[in-house]
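Residue numbers (this note's numbering): 1 to 545.
Just so it is clear, CB atoms sit at the ideal spot from N, CA and C, and this is done for glycine as well.
Computed from a prediction, not measured in an experiment: that's the story for all the values here.
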Ligand code: NOJ
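Take a look at the structure:
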């Protein structure tokens with residue numbers, strides 16, 4: 001029988017992100033599926049994770065990797081069906097693994113029935129009111145209602161057959177919903193109830209800081225830069241205070257379940273605005289993305305930890321830690337992108353990527369050492385940790401995917417200035433050799449490089465020094481060591497960090513390149529071999545004293 005969960009099971013959970021189309025393909029169509037996930041249930045259980053988060057698996061025309069949802073209450077037939085979804089929930093639950101699904105409330109796909117109906121309906125109709133339609137400017141409305149750009153560029157408005165325009169912050173296949181319309185509210189509550197009733201335990205909310213907008217006057221490129229968001233709740237498009245009214249409605253629904261459903265906001269907002277999303281009257285938790293843009297440096301990491309623990313204190317929620325996800329260069333690669341372009345800002349990362357991806361000379365051993373050290377550090381921090389599929393194999397990003405095989409709209413619509421996110425979405429290598437390295441019997445929807453097999457589960461499974469076994473040991477050990485969400489810093493040499501968690505659990509991180517003497521205590525685990533009581537550079541160790 002399944003163990004009854006406490007209502008705060010999520011506070012220090014390790015959540016493993018599955019990008020379903022690239023995880024495991026059971027039916028051989030080159031696209032990962034639910035049966036593939038089911039076939040790896042034992043693998044997931046052995047990792048010791050508490051939950052999986054599934055990126056969108058809904059019907060979609062894949063203009064943006066599934067973040068263009070055509071039906072929020074169904075499964076893409078290429079990925080499975082609702083019966084298989086139920087089976088997956090049952091099997092994962094029976095192994096003590098909870099399930100998060102992605103909710104994409106800012107925009108739907110242009111294939112969604114509502115948008116199709118809007119296209120067939122006239123101006124001002126009820127169907128058009130569910131999205132953001134406006135007349136154009138110019139004598140015959142031939143100019144967009146404003147000069148708005150979209151994230152994947154270039155334009156933020158697209159014209160339809162009768163001359164009106166609709167707004168989209170992402171691709172033109174992702175029309176933005178009109179959250180001033182009560183019908184939109186009702187429909188999302190229906191979706192959340194639908195999945196909660198099927199046993200889904202939590203939700204990851206896509207662009208949670210968009211949704212409500214001030215469109216009077218319409219934001220215009222001349223006076224408004226999409227990438228520079230106001231930090232006081234008055235930005236016309238993002239992080240408006242009013243968005244939290246929606247999450248209060250959602251919270252009322254989540255709390256009708258036992259245990260209450262949980263949610264984590266994807267909100268790239270100014271750090272001090274993050275706590276509002278994590279409030280317990282709202283979504284309950286928010287991603288802290290600070291380490292995705294942090295340099296590998298003791299002071300930088302310490303500052304990020306302090307700031308986020310403080311935020312967590314102000315909201316009563318727990319904080320979150322993320323090193324990789326489906327939107328960024330995998331951290332085993334990111335951590336050695338050259339200085340000045342090492343991911344401190346995305347602009348730098350993009351510039352390096354565009355100029356060097358096909359001909360780079362990165363020290364991937366160093367990248368992996370730092371990646372393992374960073375992961376071991378975040379696994380020792382209070383709060384929950386979100387891992388991304390494949391990072392447990394130490395996978396580097398696949399930088400050299402031929403341009404004509406890329407799928408990411410950010411790449412081919414970004415006018416060659418934005419990096420492609422396909423490199424972190426390449427289907428996983430399960431086996432050393434063979435068709436798509438064991439991803440499935442029918443090839444892989446993105447090309448896998450020849451070296452992929454060396455990182456496979458098959459190669460790492462029985463190697464006690466592999467990255468995979470480091471992750472397995474660390475995650476399982478963390479469960480044993482876990483106590484209250486407190487942390488105190490210990491004195492340590494320059495270029496290192498040391499902190500203690502309740503129960504005398506110590507984490508020591510060496511950011512420099514020279515070995516450092518470990519603090520006193522019994523060594524539990526280390527991301528690199530410890531010799532003579534010294535921890536090599538670019539590594540982390542846990543001790544107990
Ligand atoms: C954030 C998602 O993580 C990303 O993959 C997607 O492209 C955008 N939101 C738009 O939905």
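message = By DSSP's criteria, residue 171 is part of a beta bridge. Which residues make up the other side?
response = Looking at the DSSP assignment, residue 171 forms no beta bridge with any residue, so it has no partner.
query = Looking at C-alpha atoms only, which residue of 33, 189 and 23 is the closest neighbour of residue 59?
reply = 33
query = Would DSSP call residue 489 helix, strand or coil?
reply = strand
query = Using 8 Å as the Cβ pair cut-off and three pairs as the minimum, do the stretch 84-92 and the stretch 25-41 touch?
reply = yes
query = When the Cα of residue 439 is compared with those of 432, 450, 449 and 427, which residue comes out closest?
reply = 427
query = Given residue 4, which residues of its chain have a CB within under 7 Å of its CB, disregarding the five upstream and five downstream residues?
reply = none
key: Selected residue, minimal CA-CA separation from residue 373, among 297, 278, 397 and 159   = 297
request  = Sort out for me which residues DSSP pairs residue 16 with in a bridge.
outcome  = 52 and 387
query = Which of the three DSSP states, helix, strand or coil, is assigned to residue 149?
reply = strand
inquiry  = I'd like the list of long-range same chain contacts for residue 215, defined as Cβ closer than 6 Å, with 5 residues on each side in sequence excluded.
reply    = none
C-alpha distance - residue 489 paired with residue 496, whole-angstrom precision = 11 Å
ask   = If you count every other CB in all the chains shown that lies within 10 Å of the CB of residue 590, and 16 or more means buried, which is it?
value = With the chain covering only 1 through 545, there is no way to say anything about residue 590.
ask   = The alpha helix (DSSP H) with residue 540 in it runs from where to where?
value = First-last for residue 540: 539-544, but that is the beta strand (DSSP E), not the alpha helix (DSSP H).
ask   = Any heavy atom of ligand 1 closer than 7 Å to the CB of residue 327?
value = yes
ask   = So, using beta-carbon positions, are residue 164 and residue 109 closer together than 8 Å?
value = no
ask   = Should the stretch 323-342 be regarded as contacting the stretch 363-378, the criterion being three or more beta carbon pairs within less than 8 Å?
value = yes
message = Do residue 256 and residue 19 have their beta-carbon atoms positioned less than 8 Å apart in this structure?
response = no
query = What does residue 433 pair with, by DSSP beta-bridge criteria?
reply = Note: residue 433 sits in no beta bridge, so no partner.
query = Do the CB positions of residue 283 and residue 205 come within less than 8 Å of each other?
reply = yes
Proximity below 8 Å, CB of residue 459 to CB of residue 419 = no
task = Check whether the Cβ atoms of residue 382 and residue 319 sit closer than 8 Å, and answer yes or no.
result = yes
request  = Identify whether residue 34 lies in helix, strand or coil by the three-state DSSP scheme.
outcome  = helix
inquiry  = Looking only at its chain, what residues have a beta carbon closer than 8 Å to the beta carbon of residue 143, apart from the 5 residues adjacent to it on each side?
reply    = 136 and 137
ask   = Can you find a heavy atom of ligand 1 that lies under 7 Å from the Cβ of residue 170?
value = yes
message = Using the Cβ count rule (16 or more neighbours within 10 Å means buried), how would you classify residue 347?
response = exposed
query = Helix or strand or just coil, what does DSSP make of residue 546?
reply = Limits of the chain in this structure are 1 at one end and 545 at the other, which puts residue 546 out of reach.
Residue 274 versus residue 532 - alpha carbon distance = 43 Å
request  = Could you check what DSSP says for residue 24 in three-state terms: helix, strand or coil?
outcome  = coil
Cα-Cα separation, residue 1 to residue 98 = Because residue 1 sits at a pLDDT of 46, beneath the cut-off of 50, its placement in the model cannot be relied upon, and the following sentence gives the value as read from the coordinates. Near 15 Å, if we compare the C-alpha coordinates of residue 98 and residue 1.
task = Return the chain-ordered list of same chain residues with a C-beta closer than 6 Å to the C-beta of residue 243, the five sequence neighbours on each side being excluded.
result = 211 and 212
message = Among 379, 424 and 393, whose alpha-carbon lies nearest the alpha-carbon of residue 400?
response = 424
key: Buried or exposed by the 16-neighbour rule on C-beta atoms within 10 Å, applied to residue 543   = buried
key: Endpoints, beta strand (DSSP E) assigned at residue 306   = Per DSSP, residue 306 belongs to no beta strand (DSSP E); it is in the alpha helix (DSSP H), 298-315.
ask   = For residue 417, which of 349, 267 and 387 has the nearest alpha-carbon?
value = 349
query = What residue range is occupied by the uninterrupted beta strand (DSSP E) comprising residue 158?
reply = 157-159
Cβ-Cβ separation, residue 53 to residue 100 (assumed contact under 8 Å), whole Å = 4 Å
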